[in-house]
Amino acid sequence: MWGYLQEKQVALKRNRVDLYHFGYMIRSKSAKKLGTTTAQQIKDITDEIRAFLVKEHRDILSESFMNKEKRAAVEQIIKSFLLSNQVVISDVPSEQLLNMVCDDIVGFGIIEPLKKDPDVTDIYINGTKEIIYERIGEGECTFPYRFETEEEVKALAYKMVNSTSESLNTAKPYVDCVFPYIRINIALDELGGLGTTITIRKNADHLRASEERMLSTNQASREMLDFLAAAVKAKMNILVAGATGTGKSEFMKYLASHIPKGKKKERTLVVEDNPELYLHRIFPEHHFVPMQCRASEVEENAIDFDRLLTNALRQGPKRLIVGESRGKEALKMLNFFQTGHPGFTSVHARSAKEAVRRLMLMCLQSGANIDAKYLYELISQTFDVIVFLEKKDDGNRYITEMIELLDYKDDIQFNQLSQFIPTGEEYDEMNEKVGKIHGDHIITAKMSAEMEKKFRSSTVNSALYAPFLTHKEVQYA
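Residue numbering for the sequence shown follows the working numbering, beginning at 92 and increasing consecutively.
Set out below in structure tokens:
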């Protein structure tokens, strides 16, 4: 009896104006629906509340997905419904029931925990077969739950689409949806054998690739990070390359953090197809100006990458960051960098050398009357450093190569500054791979005299790039 009274006192103290949880606790002492599973009870209640919301609060319900303010308002309506109808499931605490109903109606349903986990970067819903997700440092993992029916998967898909201006139907069975910090691709069952598939890419609202994290996971060495920080400060142009999911965008955030801030901040235009970097929010003390493309079925209303870049160059930037180079706009970007405005971009490629070829092919898409030799020359004159990223089997990202681009001489000339050399993997007592890869980041060459000259002409502390100098720096007292 005393314990029961203590529960009531705690509930009253914690929720002086929230009668829902207190009343729920009292009612749950005697509530029990015989012959009905807990899961079925939750489903029945959720369906009943959804029908109520559609009938009485359709407008706010339709706007609540991925909208914090509207979701909070819907949560209050749901809480009031549960309270006024004295809804109780004896096996489920009040807070848990409220969260489950809200997640199902205005959230991501069973994958809401993955959506909220800051270390989960990607979520793959393969119909009713399985749900796969990627977490930093772990690689691909299988979620212990899955959707029971194709209708449940489609319900989530349409909930996502209905919160955008996009459409999804049998005539157009695929779609891209963009929300703050989340990008979603949906393909209906007409396109594949697994049923409706949904791919969710999460972009962090903070700097995931912090210096501490990269060092602790051996993504790079201290010497490499110091060198790259110095390269940004010395206004060198950097090309970040790697396959999908290797952390290019996150690493570009790290590079951007070294652009001057405060009183010495430099106006930096951040041009992207879809917003992924969010530099202006992550680094408010810098002068980052974001610009994104705009899709439209009416051609004159659409703003593609090429038009966006043209306008961006009229905004008086001191630096330029192009989130990802994909097509004909690459030539315009190179010409801008050639005018003395530094910056960096990323490109999908399987190696650092292939990144240069990919960039050349993109430039050819511009339709300009130029040959490959000229473009190779232009690229070698434009970029100072290529950083190549790989995701290994242990789920961690590594800078496996750092390359200096030299002058063009019948072909692109590369000077490999560093390389990641794997030395082994961890095994357990059963001789099974644990997954952790060990290795060393080796300085394989010194920088060229031309690069050293660029560093020397800047005000960057030479200690940051000293390990890559041909002659060791002499420190004077």
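Note that beta-carbon positions come from the ideal geometry of N, C-alpha and C, so glycine has one too.
Which stretch, first to last residue, makes up the beta strand (DSSP E) that contains residue i?
i, result
"histidine 439", "434 to 439"
"leucine 213", "What sits at residue 213 in the sequence shown is aspartate, not leucine. From DSSP, the beta strand (DSSP E) with aspartate 213 extends over 211 to 217."
"phenylalanine 379", "379 to 383"
"lysine 293", "288 to 293"
"alanine 386", "Looking at the DSSP string, alanine 386 is not in any beta strand (DSSP E), and its letter there is neither H nor E."
"aspartate 267", "265 to 270"
"glutamate 225", "221 to 226"
"valine 575", "Since the first residue of the chain shown is 92 and the last is 568, residue 575 is not available in this structure."
With 16 as the cutoff for other CB atoms within 10 Å, does residue i come out buried or exposed?
i, result
"tyrosine 369", "buried"
"proline 271", "exposed"
"proline 408", "buried"
"histidine 529", "exposed"
"arginine 410", "buried"
"glutamate 495", "buried"
"proline 184", "exposed"
"leucine 189", "buried"
"proline 513", "exposed"
"serine 175", "exposed"
"alanine 142", "exposed"
"arginine 299", "buried"
"arginine 162", "buried"
"serine 471", "buried"
"glycine 434", "buried"
"arginine 358", "exposed"
"proline 366", "buried"
"leucine 259", "buried"
"glutamate 303", "exposed"
Quick check on DSSP: helix, strand or coil for residue i?
i, result
"glycine 458", "coil"
"alanine 557", "helix"
"valine 447", "helix"
"aspartate 150", "helix"
"asparagine 276", "strand"
"glycine 200", "helix"
"glycine 284", "coil"
"glutamine 187", "helix"
"valine 56", "Because the chain in this structure spans residues 92 to 568, residue 56 falls outside the shown range and cannot be described."
"glutamate 495", "strand"
"valine 476", "strand"
"leucine 144", "helix"
"glutamate 543", "helix"
"methionine 538", "coil"
"threonine 137", "helix"
"asparagine 365", "coil"
"aspartate 194", "helix"
"leucine 452", "helix"
"lysine 352", "coil"
"glutamate 376", "coil"
"leucine 205", "helix"
What does DSSP give as the partner residue(s) for residue i in the beta ladder?
i, result
"tyrosine 489", "Glu481"
"proline 513", "Gly530"
"leucine 411", "Leu360 and Gly434"
"alanine 248", "Its beta-bridge partners do not exist; DSSP assigns none."
"glutamine 132", "Beta-bridge pairing links glutamine 132 to no other residue."
"cysteine 232", "Tyr224"
"asparagine 260", "Its beta-bridge partners do not exist; DSSP assigns none."
"phenylalanine 505", "Leu496"
Going by DSSP, what residue range makes up the alpha helix (DSSP H) through residue i?
i, result
"asparagine 402", "396 to 403"
"arginine 237", "No alpha helix (DSSP H) contains arginine 237, which DSSP labels as neither H nor E."
"alanine 164", "159 to 175"
"isoleucine 373", "370 to 373"
"leucine 469", "463 to 473"
"glutamate 303", "302 to 307"
"tyrosine 345", "339 to 347"
"asparagine 426", "420 to 429"
"arginine 313", "313 to 324"
Under 7 Å from any heavy atom of the ligand HEM, does the C-beta of residue i make it?
i, result
"valine 380", "This structure simply doesn't include the ligand HEM, nor any ligand for that matter."
Taking three-plus beta-carbon pairs below 8 Å as touching, is the stretch 291 to 306 in contact with the stretch 443 to 462? no
Any chance the stretch 542 to 559 sits against the stretch 313 to 321, with 3 or more Cβ pairs inside 8 Å? yes
Within the chosen definition, does the stretch 411 to 428 reach the stretch 340 to 347 through at least 3 CB pairs nearer than 8 Å? yes
Between the stretch 332 to 340 and the stretch 429 to 440, do three or more beta carbon pairs fall short of 8 Å? yes
Touching or not, the stretch 155 to 163 and the stretch 245 to 258, by the rule of three or more beta carbon pairs under 8 Å? yes
Can you find at least 3 beta carbon pairs, one from the stretch 419 to 435 and one from the stretch 449 to 461, that sit closer than 8 Å? yes
contact_flag[the stretch 374 to 385, the stretch 275 to 293] where n(CB pairs < 8 Å) is 3 or more: no
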